[in-house]
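Working notes for the structure below.
Protein chains: 2
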Amino acid sequence: MNDAVFLALADPTRRRLLERLATGPRSATGLAPRFPLTRQAVVKHLGTLTDAGMVAKHRHGREVRYQLETAPLGEASDWLTTLAARWEQRLLQLKRYVEEEE
Amino acid sequence: MNDAVFLALADPTRRRLLERLATGPRSATGLAPRFPLTRQAVVKHLGTLTDAGMVAKHRHGREVRYQLETAPLGEASDWLTTLAARWEQRLLQLKRYVEEEE
DNA sequence: TTCATGTGCAACTAGACAGTTGCACATGGG
DNA sequence: CCCATGTGCAACTGTCTAGTTGCACATGAA
């Protein structure tokens, strides 16, 4: 699994940014007032999200709009469910084994 | 969403620990040799995983076995898919709107 | 062209975190 | 009982990262 994705998701501010972007593309300057941060800090967070492939930059006149990219989210989600599934299946086999013994 | 879960998932070593634990419960001492780390470092990682509720400790004689707990994994996965779904739906509505214009 | 608005880059600081070492405590088998 | 094995706690270090400030550059409208 891609390190950058989970690393980017670790920060609560970045997760809030993703939630905000899920409602539509925004510029860093447009995003910043909603957060107790400087624009620069927001830009940095958007940078790491971009590097992780979860956000795409699109120049629009003199402003840059950041747009959500869902592919990495899906991959991360898959990794989690697969992991859980492996363990659940093992539990199931164990249960079957125990029942067989009786 | 619970901060601790995504924070715990951010570290690649911890993700590898989870993968290992998905194949069955292990003790810290049993886990350590598979990693380029001291037992103490592994214990620390297991500690943060435990705090995040992704792992449960069970004393077994004189050793402590760590067991995978899937609930937080499911919640994290849900958060991701919901986020992606919101954005996808917005795209869909936008597409419909454009098609209506024609 | 001129100015307001938006963006980009760089240096600096404080705090968090991974990993280590060292040692003390607990427990089960011979 | 005695010792090997496993665990728990604490202090210390280096590194990474979030956030800030300050300033320079770009661009669109009047």
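Taken in order, these protein sequences are the chains called B and A.
Under our numbering, think of the first position of the first sequence as -3, with each following residue one higher.
Under our numbering, think of the first position of the second sequence as -3, with each following residue one higher.
A virtual CB, placed ideally from N, CA and C, is assigned to each residue, including glycine.
Of the residues the options, the one placed nearest residue i, counting alpha carbons only
i, options, result
"L42/A", "Q89/A, N(-2)/A, R22/A", "R22/A"
"L64/A", "A0/B, L69/B, R82/B, Y62/B", "R82/B"
"T9/B", "R55/B, D(-1)/B, L45/B", "L45/B"
"L87/A", "G20/B, L76/B, L13/B, N(-2)/B", "G20/B"
"T25/B", "R61/B, N(-2)/B, A18/B, A4/B", "R61/B"
"D47/A", "L90/A, V1/A, R55/A", "V1/A"
"V38/B", "L13/B, G57/B, H56/B", "L13/B"
"E71/A", "E15/A, L27/A, M50/A", "M50/A"
"L5/A", "G57/B, H56/B, W75/B, Q36/B", "W75/B"
For residue i, three-class secondary structure by DSSP
i, result
"R58/A", "coil"
"A52/B", "strand"
"L33/A", "coil"
Residue range of the alpha helix (DSSP H) that includes residue i
i, result
"D(-1)/A", "-1 to 5"
"P29/B", "That residue, P29/B, is in no alpha helix (DSSP H); it is neither H nor E in DSSP."
"T9/B", "8 to 17"
Exposure of residue i, with buried meaning 16 or more beta-carbon neighbours within 10 Å
i, result
"V94/B", "exposed"
"A52/A", "exposed"
"A67/B", "exposed"
"T34/B", "exposed"
"R11/A", "buried"
"L17/A", "buried"
"L79/B", "buried"
"L69/B", "buried"
"L90/A", "exposed"
*Taking any Cβ of chain A, which residues in the stretch 5 to 21 of chain B have a Cβ under 9 Å from it, in chain order?*
L5, A6, D7, P8, R11, L14, E15, L17, A18, T19, G20
*asked:* By the 7 Å beta-carbon criterion, what residues does the stretch 65 to 94 of chain A contribute toward chain B?
replied: T66, L69, G70, A72, S73, L76, T77, L79, A80, R82, W83, E84, R86
_Please identify, using Cβ separations under 7 Å, the residues of the stretch 38 to 66 of chain A that lie next to chain B, in order along the chain._
The residues in question are L64, T66.
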